[in-house]
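**Student:**
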Amino acid sequence: MKSNTEDNYSLHRLLPSEWAEYKSIRLEALQSNAEMFGSSYLKEVTYSQNDWIALLENDKRAIFVLYNIDSIIGLTGVAIDRDDATSAVLFSSFIRPEHRGKGLARLFYQARIDWAREKKCSSITVSHRAGNEISKAANQRFGFKYTYTKEVTWPDGVSEDEVMYVLQL
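Structure representation (structure tokens):
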């Protein structure tokens, strides 16, 4: 069932039976924007069907896909923080380039914030790689406040800052 509809776009939380759709858009995202993710195509392309299903069965996380009519054109995720069950973490946002710049991130933020509230989280954290001005602007537009910066080595081997934000619910 699709929800959060806007014009010809809709957002849908994936079910374990939809693992192939998740795999397809996730691997596409990792190939096309590898520098923006905390994982890599080379790692995730080796995942088995059971690995993909397990990611979707985990009730401490939700994966949403963005449709344009009946075609998947993006994805995003949210999970309970491993170290703090009162906090959620946003991850894995991707929209195909031809659909960017249309305000569709609003659907992502709405769904993930709603999910975190349903899980009784008191805060949500999100981060982006330094220099990702689009992510920075979106995070701030939705009320996230800068907290700190840390240097990390990204999956592409580059050491660069990760910029952290929090939203109090």
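If you're matching positions, the sequence shown starts at 44 in the working numbering and goes up one per residue. Cβ atoms here follow ideal geometry from the backbone N, Cα and C, with glycine treated the same way. Small disclaimer: the values here were computed from a predicted structure and weren't measured.
What number of angstroms, rounded off, separates the C-alpha of Thr129 from the C-alpha of Trp158?
**Tutor:** Distance between the alpha carbons of Thr129 and Trp158: 13 Å.
**Student:** Tell me whether Arg3 is buried or exposed, calling it buried when 16 or more other Cβ atoms sit within 10 Å of its Cβ.
**Tutor:** Since the displayed the chain opens at 44 and closes at 212, residue 3 lies outside it and no answer follows.
**Student:** Output the distance between the C-alpha atoms of Phe134 and Asp113, rounded to the nearest integer angstrom.
**Tutor:** Rounded to the nearest angstrom, the two C-alpha atoms are 24 Å apart.
**Student:** Taking its Cβ as the centre, do 16 or more other Cβ atoms sit within 10 Å of Arg172, making it buried, or is it exposed?
**Tutor:** Arg172 is buried by the Cβ-count criterion.
**Student:** In three-state DSSP terms, what is Asn51?
**Tutor:** Three-state result, Asn51: coil.
**Student:** Figure out for me which residue from Lys162, Ser165, Asn111, Ile156 has the closest Cα to the Cα of Arg143.
**Tutor:** Out of Lys162, Ser165, Asn111, Ile156, Asn111 has the C-alpha closest to the C-alpha of Arg143.
**Student:** Which word fits Tyr208, buried or exposed, when buried means at least 16 other C-beta atoms lie within 10 angstroms of its C-beta?
**Tutor:** It counts as buried.
**Student:** Compare the C-alpha of Phe151 against each of Ser165, Asn182, Trp197 and name the closest.
**Tutor:** Among Ser165, Asn182, Trp197, the Cα nearest to that of Phe151 is on Asn182.
**Student:** Strictly by DSSP, which residues pair up with Ala131?
**Tutor:** DSSP output for Ala131 lists Ile123, Ile167 as bridge partner(s).
**Student:** For Tyr191, which of Lys179, Leu147, Phe185 has the nearest alpha-carbon?
**Tutor:** Ranking Lys179, Leu147, Phe185 by Cα distance to Tyr191 puts Lys179 first.
**Student:** Short of 7 Å in beta carbon distance, which residues of its chain neighbour Glu87, apart from the five on each side in sequence? Order them along the chain.
**Tutor:** Excluding residues within five positions, the ones whose Cβ falls inside 7 Å are Arg69, Leu70, Leu73.
**Student:** Could you spell out the range, first to last residue, of the alpha helix (DSSP H) harbouring Asp94?
**Tutor:** Where Asp94 is concerned, the enclosing alpha helix (DSSP H) stretches over 92 to 100.
**Student:** Buried or exposed for Leu109, please, with buried defined as at least 16 other CB atoms from any protein chain shown within 10 angstroms of its CB.
**Tutor:** The residue in question, Leu109, is buried, as its Cβ has 16 or more Cβ neighbours within 10 Å.
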